[in-house]
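Heads up: the sequence shown begins at 43 in the working numbering, then just goes up one per residue.
Below is one structure, written out as structure tokens, with a few remarks after it.
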Amino acid sequence: MKIGLCQTCFYMRTVETKRGSVFYLCALAKEDSRFSKYPSLPVLSCLGYEKKS
Ligand code: SF4
43 MKIGLCQTCF
53 YMRTVETKRG
63 SVFYLCALAK
73 EDSRFSKYPS
83 LPVLSCLGYE
93 KKS
């Protein structure tokens, strides 16, 4: 699956279900309503993007 920017973003969290499905969750959505908790992937541009170190 293509994830885009979220793949290298500080705010990305992955959630894995018992059945092995993986969900990509944007932690920035918790504090800023402009972002969606489960962004539509791939994300090609994003104001909140911060490269993880
Ligand atoms: S801030 Fe943007 S790039 Fe970063 S995880 Fe959220 S949606 Fe993805």
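Beta carbons are placed, not taken as given, at the ideal position from N, Cα and C, and that holds for glycine.
Owing to the predicted nature of the structure, the values given are computational and were not obtained by experimental measurement.
Own chain, CB closer than 7 angstroms to residue i, minus 5 neighbours either side, in chain order
i          : result
residue 44 : 83, 84
residue 55 : 67, 69
residue 46 : 83, 84, 85, 86
Neighbour-count burial assignment, residue i, 16 or more Cβ in a 10 Å radius
i          : result
residue 80 : exposed
Residue(s) in a DSSP beta bridge with residue i
i          : result
residue 93 : 51
residue 65 : 57
Which of helix, strand or coil DSSP assigns to residue i
i          : result
residue 70 : helix
Same chain, Cβ closer than 6 angstroms to residue i, five either side skipped, listed in chain order
i          : result
residue 58 : 64
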